[in-house]
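Chains as they are written, first to last, in our numbering: chain A, 462 to 683; chain B, -10 to 254. No residue lacks a Cβ here, since even glycine has one placed at the ideal position from N, Cα and C.
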């Protein structure tokens, strides 16, 4: 794959991965996770479909269980996996709360990020309190404070309308898979301030499966 | 580098050797983890990501044209990313700590109020057994008869069923189902007791005699104790008024515990 150099994380990295079911969002998310893990980061992933165990994640069925297990490993200085998958019913909200809470303890009150974290939301629609025109307070806090929390964000979604425009304005990277509807391509062009037609190649007729375009703030399509 | 485990005076047991081997491995992992973090920290800081506003004022030659069609990247197959579950396990750095998980959030005032109402009702219900119901509630026989109970035993069942069903309805109104976020032992006990009686009564058909319960497709009817035939008066809305305040209470999910249900002192 030739795009790996473009996947180097940044201090306030906030990525979205947009594509229909089965296009390869989870595979890309796993690849992003591995890159961060190899760089020593912690990765928390919402994994209601239990896809990430096979790529090395350790599954927990509740926030409490995850915090307890990690906390005990810290107290006893035992090895603990930095790849944490939460398979809970609340999914996205749970993993977001966990990542923010850990970011607050490890990074927020210090001058530098001591333990860089990455949060991967595998299905953004599973947030309870968010949509095309609203995000709840916990999400807003995570997005606004992500630099201080040492928290990188990766949101996977099927439709560009699953996040409000105000959130698209602070996105640093977008990984765009083929779109099944032309209006979604237009929506993406608007969200990314691209000229009309710039993402025409995202139509399913023009784009082979498991391929994506990478857009970066300030640099455009790479 | 970590030193290999050395037998002390040649007397180290296999268990001790294994322990030492694990310690060395953990130290090695921790060292590697710190090294990675140091490398990451030592790297020149990445330039601040350019926001779109800044991009507009940036030098034009610094960025490729935004209308570039871009390059197609390919995702790896998930299978190609398979690794062992503990592949990314490290000994945590000593300077990091993780506090205990926070206590569960306090219930909202509305939830608390609802819980208290249910707790009050449950407090009565958990004392309510089929054996002592008639002693505590003189109206049981009459109430049971109104619900179609043929004898006192059936009256007890019908009354207790109705009372427990009220708790269930309170739960449903508050959206709690059978999962109680407010961990009150009394509430839980009451709910479980209610569920048990409710389920039993539903299965045995006793619940069908309670107007408003049972199969919604088959409206509840009181039956004549003598003939077992449906009592036609039950089809008359006016007849329901004979339930009086009990009927009103029964329909009000947030009702206080009716006075007649107060436990005997």
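Run through the segment 553 to 602 of chain A for me and flag every whole alpha helix (DSSP H) of 4 or more residues, listed as ranges in chain order.
553 to 564
Looking at the strands, I want to know which residues DSSP matches up with residue 614 of chain A.
If you number the first chain from 1, residue 614 of chain A lands on position 153. DSSP lists A:475 and A:580 as partners of residue 614 of chain A.
Flag this pair as yes or no: are the beta carbons of residue 22 of chain B and residue 89 of chain B separated by less than 9 Å?
The sequence position of residue 22 of chain B within the second chain is 33, counting from 1. The sequence position of residue 89 of chain B within the second chain is 100, counting from 1. No, these two residues do not count as a Cβ contact at 9 Å.
From this set, A:637, A:507 and A:473, which residue's C-alpha is nearest residue 64 of chain B's C-alpha?
Counting from one through the second chain, the residue named residue 64 of chain B turns up at place 75. The shortest C-alpha to C-alpha distance from residue 64 of chain B to any of A:637, A:507 and A:473 is the one to A:637.
Quick one: does residue 525 of chain A have its CB under 9 Å from some CB of chain B?
Looking up residue 525 of chain A in the first chain gives position 64. Closer than 9 Å: yes.
Name the one or two DSSP bridge partners that residue 637 of chain A has.
Residue 637 of chain A sits at position 176 when you count from the first residue of the first chain. DSSP output for residue 637 of chain A lists A:479 and A:674 as bridge partner(s).
Note the first and the last residue of the continuous alpha helix (DSSP H) segment covering residue 650 of chain A.
By 1-based counting over the first chain, the position of residue 650 of chain A is 189. Unbroken alpha helix (DSSP H) run through residue 650 of chain A: 643 to 652.
Please name the residue in A:539, A:503 and A:512 whose C-alpha comes closest to that of residue 15 of chain B.
For this step, residue 15 of chain B is matched to residue 26 along the second chain. Minimum Cα distance to residue 15 of chain B is reached at A:539.
Residues in its own chain within less than 6 Å of residue 629 of chain A by CB, not counting five upstream and five downstream?
Position 168 of the first chain, counting from 1, holds the residue named residue 629 of chain A. Closer than 6 Å at Cβ, skipping near neighbours: 652.
Alpha carbon to alpha carbon, how far is residue 555 of chain A from residue 167 of chain B? Give it in angstroms, no decimals.
The count along the second chain starts at 1 and reaches residue 167 of chain B at position 178. The count along the first chain starts at 1 and reaches residue 555 of chain A at position 94. Residue placement at residue 167 of chain B cannot be trusted, given a pLDDT of 34 that sits under 50; the coordinates are not used to answer.
Is the Cβ of residue 37 of chain B closer than 9 Å to any Cβ of chain A?
One-based indexing of the second chain puts residue 37 of chain B at position 48. For residue 37 of chain B, the predicted model reports a pLDDT of 45, less than 50, meaning its position is unreliable; a value from the coordinates is still stated below. Yes, residue 37 of chain B lies at the interface with chain A (some Cβ there is under 9 Å from its Cβ).
Just how far apart, CA to CA, sit residue 565 of chain A and residue 605 of chain A?
The residue given as residue 565 of chain A occupies position 104 in the first chain. The residue given as residue 605 of chain A occupies position 144 in the first chain. One C-alpha to the other measures close to 13 Å.
Using a C-beta to C-beta distance shorter than 9 Å, which residues of chain B count as neighbours of residue 662 of chain A?
Here the question's residue 662 of chain A lines up with position 201 in the first chain. Those are 58, 59 and 61, listed as they occur along chain B.
Cross-chain neighbours of residue 8 of chain B in chain A, by beta carbon under 9 Å:
On the second chain, residue 8 of chain B is found 19 positions in, with the first residue counted as 1. Residues of chain A whose Cβ lies closer than 9 Å to the Cβ of residue 8 of chain B do not exist, since the nearest Cβ in that chain is about 13 Å away.
Buried or exposed (CB count within 10 angstroms, at least 16 for buried), residue 633 of chain A:
Taking the first residue of the first chain as 1, we reach residue 633 of chain A at position 172. That one is buried.
Please confirm whether residue 509 of chain A has its beta-carbon closer than 9 Å to some beta-carbon of chain B.
Reading the first chain from its first residue, position 48 is the one you call residue 509 of chain A. False, the Cβ-Cβ gap to chain B never drops below 9 Å.
Exposed or buried, what is residue 549 of chain A when buried is set at 16 or more other beta-carbons lying within 10 Å of its beta-carbon?
Taking the first residue of the first chain as position 1, residue 549 of chain A is located at position 88. Burial call: buried.
Inter-residue spacing [alpha-carbon to alpha-carbon] between residue 568 of chain A and residue 611 of chain A:
The count along the first chain starts at 1 and reaches residue 568 of chain A at position 107. The count along the first chain starts at 1 and reaches residue 611 of chain A at position 150. Taking the straight line joining both Cα atoms gives about 6 Å.
Please report how far the alpha carbon of residue 87 of chain B lies from the alpha carbon of residue 654 of chain A, in whole angstroms.
For this step, residue 87 of chain B is matched to residue 98 along the second chain. For this step, residue 654 of chain A is matched to residue 193 along the first chain. Near 41 Å, if we compare the C-alpha coordinates of residue 654 of chain A and residue 87 of chain B.
When you compare only the Cα positions, how much space is there between residue 674 of chain A and residue 571 of chain A?
Position 213 of the first chain, counting from 1, holds the residue named residue 674 of chain A. Position 110 of the first chain, counting from 1, holds the residue named residue 571 of chain A. Cα to Cα, the separation comes out at about 36 Å.
Sub-9 Å separation of residue 588 of chain A and residue 639 of chain A beta-carbons:
Here residue 588 of chain A is taken as the residue at index 127 of the first chain, counted from 1. Here residue 639 of chain A is taken as the residue at index 178 of the first chain, counted from 1. The answer is no: Cβ separation not under 9 Å.
Which same chain residues end up closer than 6 Å to residue 676 of chain A when comparing Cβ atoms and leaving out the 5 residues on each side of it in sequence?
As a working mapping, residue 676 of chain A is identified with position 215 in the first chain. Answer for residue 676 of chain A: 635, 653 and 682, listed in chain order.
Is it buried or exposed for residue 85 of chain B, if we count other Cβ within 10 angstroms and need 16 for buried?
As a working note, residue 85 of chain B is residue 96 in the second chain. So residue 85 of chain B ends up on the exposed side.
Relative to the C-alpha of residue 702 of chain A, which residue among A:558, A:498, A:496 and A:664 is closest?
The question about residue 702 of chain A has no answer here: the residues shown for chain A are numbered 462 through 683.
List, in chain order, every chain B residue whose beta-carbon is nearer than 7 Å to that of residue 495 of chain A.
Translated into positions along the first chain, residue 495 of chain A becomes position 34. Chain B residues near residue 495 of chain A: 70.
What's the call for residue 60 of chain B, buried or exposed, on a 16-neighbour Cβ count within 10 Å?
For this step, residue 60 of chain B is matched to residue 71 along the second chain. Per the 10 Å Cβ criterion, exposed.
Starting from residue 546 of chain A and walking both ways along the beta strand (DSSP E), at which residues does that stretch end?
As a first step, residue 546 of chain A is located in the first chain; it is residue number 85 there, counting from the start. Run containing residue 546 of chain A: 544 to 547, per the beta strand (DSSP E) assignment.
Hey, does residue 611 of chain A have any beta-carbon neighbour from chain B nearer than 9 Å?
In the first chain, residue 611 of chain A corresponds to position 150, counting from 1. Output row for residue 611 of chain A: interface = no.
Check for me: the alpha helix (DSSP H) holding residue 537 of chain A runs from which residue to which?
Numbered from its first residue, the first chain carries residue 537 of chain A at position 76. Residue 537 of chain A -> alpha helix (DSSP H) spans 524 to 537.
Which residues of chain B have a Cβ atom closer than 9 Å to the Cβ of residue 485 of chain A, listed in chain order?
As a first step, residue 485 of chain A must be located in the first chain, where it is residue number 24. Going along chain B in sequence order, the residues near residue 485 of chain A (Cβ under 9 Å) are 63, 64, 65, 66 and 67.
Return the CA-CA distance between residue 509 of chain A and residue 503 of chain A, expressed in angstroms with no decimal places.
Sequence index remark: in the first chain, residue 509 of chain A carries index 48 (1-based). Sequence index remark: in the first chain, residue 503 of chain A carries index 42 (1-based). Straight-line Cα distance between these residues: approximately 19 Å.
Is there a C-beta anywhere in chain A that falls below 9 Å from the one on residue 76 of chain B?
Residue numbering aside, residue 76 of chain B sits at position 87 when the second chain is read from its first letter. True, the Cβ-Cβ gap to chain A drops below 9 Å.
If you check the beta carbons only, do residue 490 of chain A and residue 581 of chain A fall under 9 Å apart?
In the first chain, counting from the first residue as 1, residue 490 of chain A sits at position 29. In the first chain, counting from the first residue as 1, residue 581 of chain A sits at position 120. Yes, the pair counts as a contact, with Cβ atoms nearer than the cut-off.
Mind the definition here: the segment 474 to 482 of chain A touches the segment 512 to 522 of chain A only if three or more C-beta pairs lie below 8 Å; say whether that holds.
Proximity of the segment 474 to 482 of chain A to the segment 512 to 522 of chain A falls short of the contact definition, fewer than three beta-carbon pairs being nearer than 8 Å.
Using a Cβ cut-off of 7 Å, pull out every chain A residue sitting near residue 18 of chain B, in sequence order please.
Within the second chain, numbered from 1, the residue matching residue 18 of chain B stands at position 29. Under the 7 Å cutoff, chain A gives 540.
With DSSP collapsed to three states, give me the class of residue 63 of chain B.
Numbered from 1 along the second chain, position 74 holds the residue referred to as residue 63 of chain B. Strand, per DSSP.
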